[in-house]
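There are 2 protein chains.
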Amino acid sequence: MSQNGVGVDLETSLGYLLKEASSALRVAMEEVLRPLGMSVTHYSCLELLAQRPGLSNSELARGAFVTRQSMNVLLQALERDGYVTRPAEAPVGKVLPARLTSRGRRSLEKATVAVRSVEVRMLAGMTEAEQSDAFRILQSMIHSLRDGDDGA
Amino acid sequence: MSQNGVGVDLETSLGYLLKEASSALRVAMEEVLRPLGMSVTHYSCLELLAQRPGLSNSELARGAFVTRQSMNVLLQALERDGYVTRPAEAPVGKVLPARLTSRGRRSLEKATVAVRSVEVRMLAGMTEAEQSDAFRILQSMIHSLRDGDDGA
DNA sequence: CAATGTATGTCAGAATTCTGACATGAGTCA
DNA sequence: TGACTCATGTCAGAATTCTGACATACATTG
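Chains U and C, in that order, give the protein sequences. Under our numbering, the first residue of the first sequence carries the number 1, and numbering increases by one thereafter. Under our numbering, the first residue of the second sequence carries the number 1001, and numbering increases by one thereafter.
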């Protein structure tokens, strides 16, 4: 069989390369977060709450790209361990706004530094222009992928 | 708190955008593969075997970005269902080269077409130049991330 | 107002993936 | 040859994430 007939061709597929890059990023993040006793999802949740206090469980799930059920499991653990608080009753509707405790904020500080270093390493060797190219291109991909979900 | 102090800033983070794009791709792939009764990992394994017949379990795992234990679970299922064959004894060492059966090849055909359409959709609106930019940039990210794993 | 649609939080169980561990085979090197 | 290192296949159990389901609350619409 030749190199490629109708197939996707892993060597030249941007989709495969995207997955590869994402996997490398995840591995690198896990590596620096492990010494802090924190998983990537764990970190994502805390970082989201730091930047957008009061996010609900469902909103956190969307932000971390997991289901709201998975995020709920995580949130309950974080709440139990005192990193996050949620009011006992919803101020409006059923939505429970979550917030970091001071302990949660403290725990996040080191993680943020660690993850930031990974991102810096990832961008090493890229020019400013390449970085803005990457930004624009990735956004284009996301937009195109989500376009055809139901509309067309 | 202001928009950003020492944090990563989700709105402008290339790392976050990378994860977002990868997630969108995965969702889109799941969407077109579900009607075929196939998961993304399932498809990845078959596609890898189609393009590189004789890959071992460990090699497949690396190619699909999962552990060799996870791939082994999948491979055993694929073998049981007749999509893949492995010799009972290793021709050399412990490595068992896996190959698609004709059933596996048939099953993969439709999936490849479906996944190809997703990739085409993802690249819609991007020029040739942007696609080669994306290729080069993603490879740079992967290289930079893997560099610092142990060496430096 | 009533009905419908959409979104949320949460429980339960299944499926997937992972970490840890072990034995085996190949390659390296003294 | 023998000791050592490394990679592989695989088993077992834990952790994570998912799918399905339900009740509830808000928004829209007739």
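Built from N, CA and C at the ideal position, the CB exists for glycine as well.
(request) Could you tell me which chain U residues have their CB closer than 9 Å to the CB of Arg1146/C, listed as they occur along the chain? (result) The residue you call residue 1146/C lines up with position 146 of the second sequence. Identification of chain U residues near Arg1146/C by a Cβ-Cβ cut-off of 9 Å yields Ala24, Val27 and Ala28, ordered along the chain.
(request) Could you check if Lys94/U is buried or exposed, using at least 16 other CB atoms within 10 Å of its CB as the buried criterion? (result) As a first step, residue 94/U must be located in the first sequence, where it is residue number 94. The residue is exposed, with fewer than 16 neighbouring Cβ atoms inside 10 Å.
(request) Rounded to whole angstroms, what's the CA-CA distance from Val1073/C to Leu1036/C? Just pull it up for me. (result) As a working mapping, residue 1073/C is identified with position 73 in the second sequence. As a working mapping, residue 1036/C is identified with position 36 in the second sequence. C-alpha separation (whole angstroms): 20 Å.
(request) For chain C, find out if any of its Cβ atoms is closer than 8 Å to the Cβ of Val6/U; answer yes or no. (result) For the purposes of this step, residue 6/U is taken as residue 6 along the first sequence, with counting starting at 1. At Val6/U the pLDDT is 45, less than 50, meaning the model places this residue with poor confidence and gives no usable figure here.
(request) In the DSSP assignment, find the unbroken alpha helix (DSSP H) run with Met122/U in it and report its ends. (result) The sequence position of residue 122/U within the first sequence is 122, counting from 1. Note, Met122/U: alpha helix (DSSP H), Ser102 to Leu123.
(request) Taking the CB atoms as reference points, tell me whether Met1122/C and Met126/U lie closer together than 8 Å. (result) For the purposes of this step, residue 1122/C is taken as the residue at position 122 of the second sequence. For the purposes of this step, residue 126/U is taken as the residue at position 126 of the first sequence. Not closer than 8 Å, so no.
(message) So Leu33/U contacts chain C; which residues on that side make the cut at Cβ distance below 9 Å?
(response) Locating residue 33/U in the first sequence gives position 33, where the first residue counts as 1. Neighbours of Leu33/U on chain C: none; closest Cβ ~13 Å, over 9 Å.
(message) When you compare the CB positions of Leu46/U and Leu100/U, do they come within less than 8 Å of one another, or not?
(response) Taking the first sequence and counting its residues from 1, one reaches residue 46/U at position 46. Taking the first sequence and counting its residues from 1, one reaches residue 100/U at position 100. Yes, the pair counts as a contact, with Cβ atoms nearer than the cut-off.
(message) Looking at the secondary structure, which residues open and close the alpha helix (DSSP H) in which Gly1063/C lies?
(response) The residue you call residue 1063/C lines up with position 63 of the second sequence. Judged by DSSP secondary structure, Gly1063/C falls within the alpha helix (DSSP H) whose first and last residues are Asn1057 to Ala1064.
(message) I'd like the span of the alpha helix (DSSP H) that includes Tyr1168/C, first residue to last.
(response) Look at the range of chain C in this structure, 1001 to 1152, and you will see that residue 1168/C is not part of it.
(message) Within 8 Å, do at least three Cβ pairs link the region 1046-1058 of chain C to the region 1016-1023 of chain C?
(response) By the Cβ test, the region 1016-1023 of chain C is not in contact with the region 1046-1058 of chain C, since fewer than three Cβ pairs between them sit closer than 8 Å.
(message) So for Arg1099/C, helix, strand or coil by DSSP?
(response) Translated into the one-based positions of the second sequence, residue 1099/C becomes position 99. In the structure shown, Arg1099/C sits in a strand (DSSP, three-state: E or B).
(message) Does Thr1041/C come out as helix, strand or coil in the three-state DSSP assignment?
(response) As a position in the second sequence, residue 1041/C is number 41, starting the count at 1. Assigned with DSSP and collapsed to three states, Thr1041/C falls in helix.
(request) Taking C-beta pairs closer than 9 Å, name the residues in chain C that Glu130/U reaches, listed in chain order. (result) Position 130 of the first sequence, counting from 1, holds the residue named residue 130/U. Residues of chain C whose Cβ lies closer than 9 Å to the Cβ of Glu130/U are, in chain order, Asp1133, Arg1136, Ile1137 and Ser1140.
(request) Assess, as a yes-or-no matter, whether the region 1057-1075 of chain C is touched by the region 1107-1119 of chain C under the definition of 3 or more beta carbon pairs within less than 8 Å. (result) Under the Cβ criterion (8 Å, minimum of three pairs), the region 1107-1119 of chain C does not count as touching the region 1057-1075 of chain C.
(request) Compare the C-beta of Leu55/U against all C-beta atoms of chain C and say whether one is closer than 8 Å. (result) Along the first sequence, one-based indexing puts residue 55/U at 55. Proximity of Leu55/U to chain C, defined by a Cβ-Cβ separation below 8 Å, is not satisfied.
(request) Use the C-beta contact count for Gly82/U: other C-beta atoms within 10 angstroms, 16 or more gives buried, fewer gives exposed. (result) As a working mapping, residue 82/U is identified with position 82 in the first sequence. That one is exposed.
(message) Once DSSP output is grouped into helix, strand and coil, what is the label at Ala152/U?
(response) Against the first sequence, residue 152/U aligns to sequence position 152. Confidence is the limiting factor: at Ala152/U the pLDDT is only 37, short of 50, which leaves the residue's position unreliable and the question unanswerable from this model.
(message) Measuring alpha carbon to alpha carbon, tell me which residue in Val40/U, Phe135/U and Val92/U is nearest Ala24/U.
(response) The residue given as residue 24/U occupies position 24 in the first sequence. The candidate whose alpha carbon is nearest that of Ala24/U is Val40/U.
(request) Look at Val32/U and Ser117/U and say whether their C-beta atoms are less than 8 Å apart. (result) As a first step, residue 32/U must be located in the first sequence, where it is residue number 32. As a first step, residue 117/U must be located in the first sequence, where it is residue number 117. Yes, the Cβ-Cβ distance between Val32/U and Ser117/U is below 8 Å.
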